[in-house]
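2 protein chains.
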Amino acid sequence: MIEKPFIIDALQYCKWSKEIFHDMNRSGVAAVHVTICYHENFPQTIKNISVWNRYFENFSEHIVPGRTSADIREAHKEGRTAIILGFQNCSAIEGDIGLIEIFHQLGVRFMQLSYNNQSLLATGCYEDNDSGITRMGREAIREMNRLGMIIDMSHSSKRSTLDAIDFSDRPIAISHANPSFWHPSPRNKTNEVIKALAENRGMFGFSLYPHHLNNGSNCSIEDFCTMVARTAELMGTDRIGFGSDLCQNQPDTVVGWMRNGTWTLDIASGSESQTFIGFPTQPQWFQSNLGFSNILLGLRNIGFSDLEVAKIAGGNWLNFFDASLGSYANIQN
Amino acid sequence: MIEKPFIIDALQYCKWSKEIFHDMNRSGVAAVHVTICYHENFPQTIKNISVWNRYFENFSEHIVPGRTSADIREAHKEGRTAIILGFQNCSAIEGDIGLIEIFHQLGVRFMQLSYNNQSLLATGCYEDNDSGITRMGREAIREMNRLGMIIDMSHSSKRSTLDAIDFSDRPIAISHANPSFWHPSPRNKTNEVIKALAENRGMFGFSLYPHHLNNGSNCSIEDFCTMVARTAELMGTDRIGFGSDLCQNQPDTVVGWMRNGTWTLDIASGSESQTFIGFPTQPQWFQSNLGFSNILLGLRNIGFSDLEVAKIAGGNWLNFFDASLGSYANIQN
């Protein structure tokens with residue numbers, strides 16, 4: 001009999017339902033980082049937190065708020081899933097540094113410094129030019145370090161990501177991306193970035209979003225798991241985990257909104273797919289939270305040990321959360 | 001007897017009062033571009049427009065809304081002053097391109113693409129790195145061109161300014177700055193920028209703010225007027241005017257807010273003056289709108305003709321407004 005695994009997924013944006021929460025529980029998903037801001041301003045993001053407050057009330061059998069690593073351990077023990085709120089952009093803080101602490105008080109634990117485009121803090125991966133972390137970006141990094149809010153550079157550009165790794169006193173995350181040596185894409189990360197991340201004890205979450213996969217929707221599980229092994233050769237086995245980018249049940253209109261948000265009046269492209277504006281089909285072996293069992297098996301099949309699989313599945317993210325979500329004073333020692 | 005001059009000032013941020021509006025009228029100031037956004041978000045900027053709506057009601061003897069160059073001509077004929085609302089930053093649009101037209105509908109006619117720091121549209125002059133106009137910046141320029149809202153790059157960095165001149169189908173403005181050949185400052189502009197601006201029929205407004213002046217508060221009127229003459233040698237006499245940056249009667253606390261806004265928790269410096277956080281003393285010859293008469297006299301004294309002085313005083317800005325505030329279709333011809 002196989003013991004229920006301990007899994008952490010560092011990025012999902014599903015159309016939430018009792019069924020999806022139940023899938024998380026059945027699969028041993030102890031924690032999921034969920035997105036509550038792509039392009040939203042402050043009041044719109046507050047509204048999204050309010051929506052999650054209702055989910056926590058209505059689906060308390062399945063999910064609990066995840067604000068500390070203790071919340072995650074406790075949730076898993078109870079067969080529930082801790083939900084960690086996070087931003088894929090900094091639009092929610094509207095240029096007001098004080099709003100970072102307000103959102104931390106409300107339970108937000110991840111913030112990407114930019115999402116595809118230039119933000120007030122950093123450059124996005126689809127800009128032509130990358131000026132790195134801005135004046136306000138340095139202030140935001142300091143504030144996030146102080147509070148224990150995780151700096152996420154998944155959709156940021158190279159120089160900005162290297163700057164963030166350099167400027168941050170705490171390890172940072174690339175919650176959902178893949179290495180560009182495997183699949184070149186503006187969203188995937190170069191060896192230089194991956195190595196710098198690992199050297200600073202940062203975490204890298206492997207994405208299951210087809211645009212980030214070799215062969216897209218037809219990517220084989222062996223190919224994916226081999227990529228994990230090759231990345232482990234660069235980063236070690238302590239700095240890697242999952243960040244699936246699962247968008248289960250979302251309507252295709254959501255993709256257009258993710259890309260275009262409110263920054264253009266045209267139908268703009270913000271991704272590799274220039275023609276079809278919609279979600280690509282997930283690989284057959286990862287359609288929902290139930291797919292993690294396929295990946296864990298795949299990792300064992302290509303030679304990872306049980307201990308290594310456990311670390312990749314959730315142990316590494318849990319260690320990272322121990323270091324990232326505690327008080328700053330504790331971390332300095 | 002000297003005829004009342006026709007003056008346009010392309011930037012003021014005074015602590016507004018009946019007395020200041022009356023000074024404008026007495027001096028022949030036909031139009032003033034006033035700032036209603038430095039760091040404000042959308043609702044805060046709307047509130048500032050509401051404040052101006054009250055001024056227009058309460059001081060209708062002195063001021064009228066300035067939305068077209070016809071408004072300016074009419075105001076001057078009546079001995080009143082047209083007030084043109086504008087932003088020194090793009091924080092008011094909060095990343096929503098649709099809000100540009102909303103503000104245009106509400107009478108806003110100038111927007112700086114950035115204020116000292118990186119914005120969603122462009123880099124500010126105090127950033128270390130300058131990546132130029134962003135993806136959203138290109139969209140905003142197109143939309144401002146369409147609507148007839150003036151692109152102002154006064155507080156933007158070099159590459160961003162050159163990009164804006166290049167990308168914009170309409171001439172742009174540097175509403176308030178001086179040439180750096182006269183006084184080197186991150187806020188003043190290089191010959192390369194000044195020439196590119198003129199070649200694209202843009203306007204340059206000379207600042208009277210002491211940090212932008214050679215010898216600061218002790219700058220002599222002869223020195224200032226000689227600088228105007230030297231700039232005219234670079235740009236011609238059709239592309240220059242005033243943008244005084246007059247902040248009459250503002251308390252010193254306002255300077256700290258201008259610099260720091262909401263982007264830092266520290267007392268940051270956003271200007272040349274690192275120690276004293278307050279307004280510098282205005283030159284004795286330009287303390288209020290009444291000081292324009294000194295400058296017009298000074299320009300004559302160093303050899304400008306009456307026609308040239310009239311153009312610099314207001315004629316050039318009026319021509320620019322004719323081209324900038326009309327409908328896009330008319331301008332294309």
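Residue numbers (the working numbering), protein chains in the order written: chain X, 1 to 333; chain L, 1 to 333.
Glycine included, every Cβ here is placed at the ideal spot set by N, Cα and C.
On a predicted model such as this, the values are computed, not experimentally measured, just so you know.
Please list, in chain order, all residues of the same chain as residue i whose beta carbon is under 6 Å from its beta carbon, the five residues on each side excluded.
| i | result |
| --- | --- |
| L:G132 | R159, S160, D163 |
| L:Q332 | Legend: pLDDT at L:Q332 = 45, less than 50; position of this residue unreliable, no value from coordinates given. |
| X:M227 | W182 |
| L:G95 | L120 |
| L:F320 | M203 |
| X:N330 | Any reading at X:N330 is ruled out, since the residue's pLDDT is 49, under 50, leaving its predicted position unreliable. |
| L:L11 | H33, S175, H176, G243, D245 |
Please determine, among the options, the residue with the shortest C-alpha to C-alpha distance to residue i.
| i | options | result |
| --- | --- | --- |
| X:Q118 | L:N116, L:Y115, L:A122 | L:A122 |
| L:A140 | L:Y126, L:N116, L:D169, L:C125 | L:D169 |
| X:A355 | X:G241, X:N53, X:I49, X:G256 | Because residue 355 of chain X is not part of the residues shown, which for chain X are 1 to 333, the question remains open. |
| X:G202 | X:W52, X:A323, X:F304, X:T264 | X:A323 |
| L:M149 | L:V108, L:N116, L:Y126 | L:V108 |
| X:Q88 | X:R135, X:I151, X:S60 | X:I151 |
| X:D252 | X:I277, X:G261, X:S207 | X:I277 |
| X:F167 | X:N188, X:T264, X:E143, X:K4 | X:E143 |
| X:H62 | X:L290, X:P5, X:D23, X:H212 | X:D23 |
| X:V64 | X:N48, X:V51, X:T81 | X:T81 |
| L:Y126 | L:L325, L:R259, L:L297 | L:R259 |
| L:M136 | X:M136, X:Y115, X:D238, X:V29 | X:Y115 |
| X:S390 | X:S207, X:N200, X:L106, X:R67 | As shown, chain X starts at 1 and ends at 333. That puts residue 390 of chain X outside it, with no answer to give. |
| X:S244 | X:F21, X:L213, X:Y55, X:W263 | X:L213 |
| X:T262 | X:C37, X:Q112, X:K4, X:G303 | X:C37 |
| L:T264 | X:I97, X:E3, X:F21 | X:I97 |
| X:G291 | X:I221, X:V254, X:N301 | X:I221 |
| L:K4 | L:S293, L:S305, L:G303 | L:S293 |
| X:L147 | X:R138, X:R230, X:H104, X:G303 | X:H104 |
| X:A232 | X:E74, X:F21, X:V32, X:G303 | X:G303 |
| X:R138 | L:C247, L:W52, L:D266 | L:D266 |
| L:W403 | L:L307, L:W16, L:E308 | What the structure shows of chain L is the stretch from 1 to 333, and residue 403 of chain L is not part of that stretch, so it cannot be assessed. |
Spatial neighbours of residue i within its chain, please: C-beta separation below 7 Å, excluding the five flanking residues on both sides.
| i | result |
| --- | --- |
| X:E19 | none |
| X:S157 | T123, G124, C125, E127, D130 |
| L:V193 | K158, T161, L162 |
| L:N145 | S168, D169, R170, Y328 |
Name the two residues that bound the continuous beta strand (DSSP E) containing residue i.
| i | result |
| --- | --- |
| X:C37 | 29-37 |
| X:M153 | Per DSSP, X:M153 belongs to no beta strand (DSSP E) and is neither H nor E. |
| L:A82 | 81-87 |
| L:P65 | 63-65 |
| X:F206 | 203-206 |
Within a Cβ cutoff of 8 Å, which residues of the same chain sit near residue i, ignoring the five residues on either side of it in sequence?
| i | result |
| --- | --- |
| X:P210 | G216, S217, C219, P280, T281, Q282, P283 |
| L:L99 | F42, A92, I93 |
| X:K195 | L234, M235 |
| X:F6 | G28, A30, H76, A310, A313, G314, G315, L318 |
| L:T68 | F321, L325, G326 |
How far does the alpha helix (DSSP H) with residue i in it reach, from first residue to last?
| i | result |
| --- | --- |
| X:I174 | First-last for X:I174: 173-177, but that is the beta strand (DSSP E), not the alpha helix (DSSP H). |
| X:R73 | 69-77 |
| X:Q105 | 98-105 |
| X:G241 | No alpha helix (DSSP H) contains X:G241, which is instead part of the beta strand (DSSP E) from 240-242. |
| L:D9 | Unbroken run through L:D9 is the beta strand (DSSP E), 7-12; no alpha helix (DSSP H). |
| L:Q112 | Looking at the DSSP string, L:Q112 is not in any alpha helix (DSSP H); the run it does join, the beta strand (DSSP E), is 108-112. |
| L:R230 | 221-235 |
| L:W257 | 253-260 |
| X:E199 | 191-199 |
| X:D341 | Nothing can be reported for residue 341 of chain X, as the shown portion of chain X is limited to 1 through 333. |
| X:I295 | 292-301 |
| X:P43 | 42-58 |
So residue i and residue j are supposed to be a Cβ contact under 8 Å. How far apart are they, rounded?
| i | j | result |
| --- | --- | --- |
| X:I83 | X:V34 | 6 Å |
| L:N249 | L:C14 | 6 Å |
| X:G66 | X:N25 | That pair is no contact at about 14 Å. |
| X:N200 | X:I165 | 5 Å |
| X:L296 | X:R239 | Between X:R239 and X:L296 the Cβ distance is about 18 Å, and since that is not below 8 Å, they are no contact. |
| L:L106 | L:I49 | 5 Å |
Does the distance from the CB of residue i to the CB of residue j come in under 9 Å?
| i | j | result |
| --- | --- | --- |
| L:S175 | L:S154 | yes |
| X:A92 | X:T45 | yes |
| X:G205 | X:W317 | yes |
| X:N289 | X:D9 | yes |
| L:F59 | L:L85 | no |
| X:K189 | X:A177 | yes |
| X:C225 | X:G326 | no |
| L:K47 | L:E57 | no |
Tell me whether residue i counts as near the ligand SAH, meaning its Cβ is closer than 8 Å to at least one heavy atom of that ligand.
| i | result |
| --- | --- |
| L:F21 | Annotation note on the ligand SAH: not contained in the displayed structure, which lists no ligands. |
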